[in-house]
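Asks: The structure follows.
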Amino acid sequence: MTAAMTALLDIDRVSVSFGGVKAMDEVSFAAEEGKVTSIIGPNGAGKTTLFNVISGFYTAKSGAISFDGTRLDGAPAHARSELGIARTFQNIALFAGLTVLENIKLGAHAQLKSGLFRSALWLGPARHEERTLTQRIDDEIIDFLELGAVRDAQVAGLPYGLQKRIELARALAARPRLLLLDEPVAGMTPPEKEKMADYVRKTVDRFGTTVLLIDHDMGMVMGLSDHVVAVNFGKVIAQGRPETVRNDREVVEAYLGAA
Amino acid sequence: MTQSTVDPIAPQIASQPRRTPYFEWTAVVVLGLIALTLPAYASVYVLYMASLVAINSIATVGLNLTVGYAGLLSIGHSAFIGVGAYAAGLSMIHLGTPLFLNVIIGGVAAFLVGLVFGIPSLRIKGVYLAIATLAAQYSLYFIFQQWTSVTGGDRGLSLPPTDLFGMGDTGFYYGVLLIAAILFVAASNLFRTRLGRSFIAVRERDYAAQVLGINVVRAKLLAFGIGAAFAGVSGALTAHFLRLVNPDQFTLLVSVFFLAAVVVGGRASIVGSILGAAFMTLLPELLREILSAMPTQGQTNVAGLLSPLREIIFGLLIIGFLMFEPRGLKGILDRITGRQDRAAESEAD
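Going line by line, the protein sequences match chains A and B. Note that this note's numbering gives residue 171 to position 171 of the first sequence, counting from 1, and the numbers run on in steps of one. Note that this note's numbering gives residue 1283 to position 283 of the second sequence, counting from 1, and the numbers run on in steps of one.
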């Protein structure tokens, strides 16, 4: 019903259950191309479950997920990067033993072609591919996300807020059409939050990326979003323009706190 | 490349030095020079030990690809060495193939067998995977020993001598050195590209690796297969070197030996693997020197002491390094040379 022609991601009556627990119950919404869609709801409402279904970690019991008009369900998790879907994690999932640049390069894994022999021999194509990628990351991402000072540092030991930004950088390295951000500002200081919100806004403006965002920070969610979906106990309880959802009585009771 | 806008976080961090492996390059050049000039001044014994160190280094680098880089614990490595040795030996006997071809045959055979025994790694991890690799160890040993018509059973295969470049032992030594050098460079190159990075990603967080488009199944099998291929090459060289292939060269103790070499040398390090292999290969020799230098009390049999002592020392070394220096000899060297204490935190994972 919400699926308009411009919907890049269409979630149609998706249900997921673990044992007897319904983590998602007939959830439907659409993420419009080039827009920011946010999912809000209390802890345990099924927000991250939704991301994990889109990522292919869980399979939906029923319903359909379509990306750019084709069904996503059933494709293996690792196939999504090539389709143009990238994500960040609630608990940072960077590779601590690698440098910032190496982490970001991993984001482009699916775009690279070098196989075993080319890699091992480090001949023209493999070398060229690495250099081109490094150049592209320097041009497109390092400056954009202001990571120049830590580009070659080990990720382990870098401050939390910075690691969140590196995760965003890694996701952007794939040049995704759809970017799933799972609590990108959780645990950050107010100035850091503002900066992150700014990066997300700029990402949409600059690359035309479609963003699906989960966060508890209402200021950020309301400020950034074009469309807000409120969930509780696995069900969509309201969706629409940020100001509409903010004033919805059920949403206020369930989540924002009835004062 | 430097940014103009003020960053609230980045300036707090002292810009860490790039991870360019200056030390590794220096070590490679120095060791390379020593290795190349060795036959000019070294005794036959030293040349023999050097060949053995090079052969063992190849297998250790292979195991490190599987265990250190990709994080797949394997204690069946010596069985893959055995596959390479038998494949090369049989080819040599029946087809009369030369060393360089045998090395490829050994590597490919072990790669394929490694892929098969890598399948459990798709479902299980850590200690459980290690136990599954024991199956490789014992089933392959069983085949080596029992398939008498092909492998010669307990007596094994006796092989004709190898004469490379018409230089006898020296020629063989250079042949081994050349192959080892090629493989070390290939292994290092791997970690400059997507494939090597994907191994590390799978080791550290396989779910995140999937999101990045890494086919975890493929990466794990490949890590097992490549590790086994290195073992196979090492096995083929062992066959040429000792001119004998029999099941007792490929026991569990030998697998533990290589695991110890990886841990002692330093996980996820090519240079560390070489150091570890050298250390573990030369240790028993050192031990024998020490034992024979000790005053003999009555009828104490030095040779009889050596074998059990060896096993105890392997075990102690693994435990000791894991507890006190998880980064192995490579970590100690890094500290001595004053390189950034990198990856200290990453080990805590």
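All residues carry an ideal CB built from backbone N, CA and C; glycine is no exception. As the structure is a prediction and not an experimental result, all values here were calculated from the model.
Between the C-alpha atoms of A:V221 and A:I65, what's the straight-line distance to the nearest angstrom?
Replies: Straight-line Cα distance between these residues: approximately 23 Å.
Asks: Look up B:S1139 in the DSSP assignment and give the residues it is bridged to.
Replies: Paired residue(s): none; B:S1139 is not in a bridge.
Asks: Pull out every residue of the region 101–113 of chain A whose Cβ sits closer than 7 Å to any Cβ of chain B, in chain order.
Replies: Cβ contacts with chain B come from E102, K105, L106, G107, H109, A110, L112.
Asks: If we ignore side chains and look at the alpha-carbon of each, how far apart do A:V204 and A:K195 end up?
Replies: Whole-angstrom Cα-Cα distance: 14 Å.
Asks: Check for me: the beta strand (DSSP E) holding A:R13 runs from which residue to which?
Replies: Its beta strand (DSSP E) spans residues 7–18.
Asks: Mapping DSSP to helix, strand and coil, what is A:T2?
Replies: For A:T2, the predicted model reports a pLDDT of 46, less than 50, meaning its position is unreliable; a value from the coordinates is still stated below. Looking at A:T2 - three-state DSSP - the assignment turns out to be coil, as it is neither helix nor strand.
Asks: Measure from the C-beta of A:R175 to each C-beta in chain B and report whether the shortest distance is under 8 Å.
Replies: Judged by the 8 Å Cβ criterion, A:R175 is not in contact with chain B.
Asks: Report the three-state DSSP secondary structure of A:N103 (helix, strand or coil).
Replies: Three-state result, A:N103: helix.
Asks: Taking the Cβ atom as the reference point for each residue, do B:T1133 and B:Y1086 lie within a distance shorter than 8 Å?
Replies: Not in contact: B:T1133 and B:Y1086 (Cβ atoms no closer than 8 Å).
Asks: Of all the options B:V1263, B:I1105, B:A1278, B:R1192, which has the alpha carbon lying nearest to the alpha carbon of B:P1326?
Replies: Considering only alpha carbons, the answer is B:V1263.
Asks: Could you give the distance in angstroms between the alpha-carbon of A:T267 and the alpha-carbon of B:L1072?
Replies: In the structure as shown, chain A begins at 1 and stops at 259. Residue 267 of chain A is therefore absent and cannot be evaluated.
Asks: Can you give me the C-alpha to C-alpha distance between A:L180 and B:V1113, rounded to a whole angstrom?
Replies: Each residue's Cα considered, the two are about 40 Å apart.
Asks: Any chance the CB of A:K105 is under 7 Å from a heavy atom of the ligand ADP?
Replies: Although the ligand ADP was asked about, the structure shown includes no ligands whatsoever.
Asks: Got a sec: which bits of the region 1192–1208 of chain B sit with their beta carbon under 9 Å from any beta carbon on chain A, in order along the chain?
Replies: Cβ contacts with chain A come from R1192, T1193, R1194, L1195, G1196, R1197, S1198, I1200, A1201, R1203, E1204, R1205, Y1207, A1208.
Asks: Which residues in chain B have a C-beta closer than 7 Å to the C-beta of A:E130? List them in chain order.
Replies: The answer, in chain order, is R1192, T1193.
Asks: For B:L1333, name the three-state secondary structure that DSSP assigns.
Replies: Helix, per DSSP.
Asks: Which residues in the same chain have their Cβ closer than 7 Å to the Cβ of B:G1331, if we skip the five residues on either side of it in sequence?
Replies: Excluding sequence neighbours, B:G1331 sits near G1266, E1325.
Asks: Buried or exposed: B:N1102, going by 16 or more other Cβ atoms within 10 Å of its Cβ?
Replies: Result: buried.
Asks: B:V1254: buried (16+ other C-beta within 10 angstroms of its C-beta) or exposed?
Replies: Result: buried.
Asks: Should B:A1228 be flagged as near chain D, meaning a C-beta pair shorter than 8 Å?
Replies: The question asks about chain D, but that chain is absent: this structure's protein chains are A and B.
Asks: If you draw a straight line from the C-alpha of B:N1215 to the C-alpha of B:T1097, how long is it?
Replies: In a straight line, the C-alpha of B:N1215 is about 37 Å away from that of B:T1097.
Asks: Can you tell me whether B:L1107 is buried or exposed, with buried defined as 16 or more other CB within 10 angstroms of its CB?
Replies: Inspection of the sequence shows that residue 1107 of chain B is occupied by Gly rather than by Leu. With 16 or more other Cβ atoms within 10 Å, it is buried.
Asks: Leaving out the 5 sequence neighbours to the left and right, which residues in its chain are closer than 7 Å to B:V1217 when beta-carbon positions are compared?
Replies: Within the same chain, B:V1217 has close Cβ partners L1122.
Asks: I'd like the list of long-range same chain contacts for B:I1336, defined as Cβ closer than 7 Å, with 5 residues on each side in sequence excluded.
Replies: Cβ neighbours of B:I1336 beyond the five flanking positions: none.
Asks: Which of the three DSSP states, helix, strand or coil, is assigned to A:V251?
Replies: In this structure, A:V251 counts as helix in the three-state DSSP scheme.
Asks: Go ahead and pull the three-state DSSP assignment for A:G234.
Replies: DSSP places A:G234 in coil when its eight states are reduced to three.
Asks: Are there 16 or more other CB atoms within 10 angstroms of the CB of A:K113, so buried, or fewer, so exposed?
Replies: It counts as exposed.
Asks: Since B:N1215 meets chain A, which of its residues come closer than 9 Å, beta carbon to beta carbon?
Replies: The answer, in chain order, is P76, H78, A79.
Asks: What first and last residue would you give for the beta strand (DSSP E) that runs through A:T323?
Replies: There is no way to answer for residue 323 of chain A, as the model of chain A reaches only from 1 to 259.
Asks: Is A:G187 close to chain B? Criterion is C-beta to C-beta, closer than 8 Å.
Replies: Closer than 8 Å: no.
Asks: Ordered along the chain, which non-local residues of its own chain (more than five positions away) have a Cβ less than 8 Å from that of B:P1284?
Replies: These residues qualify, in order along the chain: L1306, R1310.
Asks: Mind checking B:L1316: buried by the 16 CB within 10 Å criterion, or exposed?
Replies: Flag for B:L1316 reads exposed.
Asks: Residues of chain B with a CB under 8 Å from the CB of A:A64: which are they?
Replies: Within chain B, no residue comes near A:A64; the closest Cβ sits about 21 Å away, beyond 8 Å.
Asks: Could you give the first and the last residue of the continuous alpha helix (DSSP H) run that contains A:D205?
Replies: Unbroken alpha helix (DSSP H) run through A:D205: 190–207.
Asks: Is A:V185 helix, strand or coil by DSSP?
Replies: Of the three classes helix, strand and coil, the one that applies to A:V185 here is coil, per DSSP.
Asks: State the DSSP-derived secondary structure class of B:M1167, mapped to helix, strand or coil.
Replies: Reduced to three states, the DSSP call for B:M1167 is coil.
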